[in-house]
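Input: a single structure, listed below in structure tokens.
Chains as they are written, first to last, in this note's numbering: chain A, 8 to 502; chain B, 73 to 220.
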């Protein structure tokens, strides 16, 4: 599914890129077509200009002919003025056409012919004028129509027509070229536009599909999230139920265990009490009739019975302490926590004060560094800390002056409280074990049942915290309690 | 009634060993009152309220009550005895049990228990407590039941 999604994404990307390329092509085609159109209008203007110039030249030729004829007919010198003025204009006009058509070799050739013919024509006309001035008729033949210059004029006109025609022909050829290129660019633009529209439609469709997929994914995610939350709630409720069950179980079991223990202890005491009269009996018997007292009886009454009773008693006492510990733990687990802002500095100093007697006795230095205030259950946190400090005092290294440091700091929404000592330390393999109920570590030279740290850990967990140990043998130990800065208030009691 | 009647001790205790130890120590304290022992609640209630020689019909009594009984909780018996209009409303009840739960103790006193004693596992303490209870029994005045 992921791969097809990725392929679809790549296709969409390519389509969008292609769309932009099409857009660029269409724009280029339009620009090109526009330029072609501009070129074309320039060419048209050029042709018109050339034609106009040719027409002007024709007009000048007509005018000069008219002036000469007028002079030949009437001999009025004013015609000569017109003749000369027009003759002076003609070379300029020819030059102008030559410049306009300089790019066309055929036209250049024609204009050269034209120029030659014009010179010839002007020469012929001047001859006839000179003839008239000299008193002749100015006409060589019988009529003006027979004059050589008529042919010249005819050729001039033909040349002018040719030049005009040539320009027209060029224009038409160029026009068809133009039309073809404009048509081509239009086709390109239209094709690009169509492609663009298709790509746009495709992209819109793909985008909508993606958006819809995204929305449904979001919805799914939200559903999953809600499911997860309710699953967590359900699981939490289950755990709480299981926990309450265990607490109740521990309570009932330990409670019911006490009943038979009362009997064991009680009847042991009765037995113990019975030893006394028995002993007296043995004494008396030894006095009165020593032969009936065997060594076996004597040992049984004086050694075996007291020894057995002693073992039963210490064992039951120990069992009682263990049961009491379980009872206390289960009771602690059922107590409703009451979070409040606890001034940890005051709490630490009150713990130290309560242990001051032993601290002085053992010559221990206690340093209480500042600890941030925590919103938590006062009683529980006090039990935890006082247990840790008591342990630090209890398990010092003989011969090394004791030093205990309590410090705290805030760390990412939690408060870390450390109790550090320079005592006998704990073997790293026991770091987990010491928190288990009835488990202890190191030399068993101190009284205790292995309950304190189990209790500490149970309390730390209940406060939403953790407890860990960092230590090596003979190098002291650091117990680190991590508590949430604020414990959420609990609802109701589960007792 | 002017004649001084013997106070019967009614012991409701499901553990025979406990019962025996309690009895022994009471006797050691010099208390010679008759002791009736019941091991379950139903029989005890029947004796307390209905038996012709029971406390409700006949003479004063003192009840030693354990809370953990096989067929009911001792609290039920206490409640029944201390209920409004009960003939045994004034009969002293000594709750003698292994529970030292604060809530439980408070509840018993609220229901009208006269004394609450936790059975200590340490036998010396236990024996002493029972003997003291015996001394207490030998001096207290127990009211007559309200006969109807």
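C-beta atoms are modelled at their ideal positions from N, C-alpha and C, and glycine is treated no differently.
Source: prediction; values computed, not measured.
- In this structure, the alpha-carbon of residue 93(A) lies about 13 angstroms from that of residue 101(A).
- Apart from the 5 residues on each side of it in sequence, residue 189(A) sits with its Cβ closer than 7 angstroms to the Cβ of 40, 43 and 44 in its chain, given in chain order.
- Interface criterion met: the Cβ of residue 90(B) is under 9 angstroms from a Cβ in chain A.
- Where residue 237(A) is concerned, the enclosing alpha helix (DSSP H) starts and stops at 155-295.
- Under the Cβ criterion of 9 angstroms, residue 276(A) is counted among the residues facing chain B.
- Between residue 102(B) and residue 206(B), the CB-CB gap stays under 9 angstroms.
- Closest option to residue 348(A), judged by alpha-carbon separation, among 447(A), 494(A) and 433(A): 494(A).
- Residue 269(A) has a beta carbon lying within less than 9 angstroms of a beta carbon in chain B.
- Scanning chain A for C-beta atoms nearer than 7 angstroms to the C-beta of residue 141(B) yields nothing, as the closest lies near 12 angstroms away.
- Contact annotation for residue 93(B) against chain A: 269, 270, 273, 274 and 277 [CB-CB distance below 8 angstroms, chain order].
- For residue 418(A), the uninterrupted beta strand (DSSP E) segment begins and ends at 410-418.
- The C-alpha of residue 163(A) is placed about 15 angstroms away from the C-alpha of residue 105(A).
- Counting only the Cα atoms, residue 193(A) lies some 40 angstroms from residue 220(A).
- Look at residue 80(B) here: in three-state DSSP terms it is strand.
- In terms of beta-carbon proximity, residue 101(B) stays away from the interface with chain A, with every pair separated by 9 angstroms or more.
- Between the region 460-475 of chain A and the region 351-363 of chain A there are fewer than three inter-stretch CB-CB distances shorter than 8 angstroms, so the stretches are not counted as touching.
- At a beta-carbon threshold of 7 angstroms, the residues of chain B lying near residue 262(A) are 170 and 171, ordered along the chain.
- Residue 191(B) sits buried, since 16 or more C-beta atoms from the chains shown fall within 10 Å of its C-beta.
- In the assembly as shown, residue 104(B) is an exposed residue. Its beta-carbon has fewer than 16 other beta-carbons within 10 Å.
- Identification of chain A residues near residue 125(B) by a Cβ-Cβ cut-off of 7 angstroms yields none; the smallest Cβ-Cβ distance measures about 30 angstroms.
- At a cut-off of 9 angstroms between C-beta atoms, residue 416(A) does not count as an interface residue with respect to chain B.
- Remark: three or more beta-carbon pairs, one from each stretch, lie closer than 8 angstroms, so the region 133-147 of chain B and the region 160-178 of chain B are flagged as touching.
- Note on the region 355-436 of chain A: whole alpha helix (DSSP H) runs with a minimum of 4 residues are 363-369 and 385-401, in chain order.
- Straight through space, the alpha carbons of residue 127(B) and residue 80(B) are spaced by roughly 8 angstroms.
- In the three-state scheme derived from DSSP, where H, G and I count as helix and E and B as strand, residue 469(A) is classed as helix.
- Going by C-alpha positions, residue 32(A) is about 7 angstroms away from residue 199(A).
- Inclusion of residue 407(A) and residue 430(A) in the CB contact set at 9 angstroms is warranted, their separation being smaller than that value.
- Around the CB of residue 318(A), fewer than 16 other CB atoms lie within 10 Å, so the residue is classed as exposed.
- Per DSSP, residue 348(A) is one residue of the beta strand (DSSP E) stretching across 346-349.
- Put simply, the backbone Cα of residue 169(A) is about 16 angstroms away from that of residue 123(A).
- In this structure the region 236-250 of chain A does not lie against the region 325-338 of chain A, because fewer than three pairs of beta carbons, one per stretch, are closer than 8 angstroms.
- In terms of CA proximity to residue 423(A), 491(A) leads the group 491(A), 337(A) and 352(A).
- Within 10 angstroms of the beta-carbon of residue 232(A) lie fewer than 16 other beta-carbons, which makes it exposed.
- In this structure, the straight-line span from the alpha carbon of residue 48(A) to that of residue 118(A) is close to 25 angstroms.
- Between residue 112(B) and residue 141(B), the beta carbon gap of about 6 angstroms places them in contact (Cβ cut-off 8 angstroms).
- Around the beta carbon of residue 172(A), a 10 Å sphere encloses fewer than 16 other beta carbons of the protein chains shown; the residue is thus reported as exposed.
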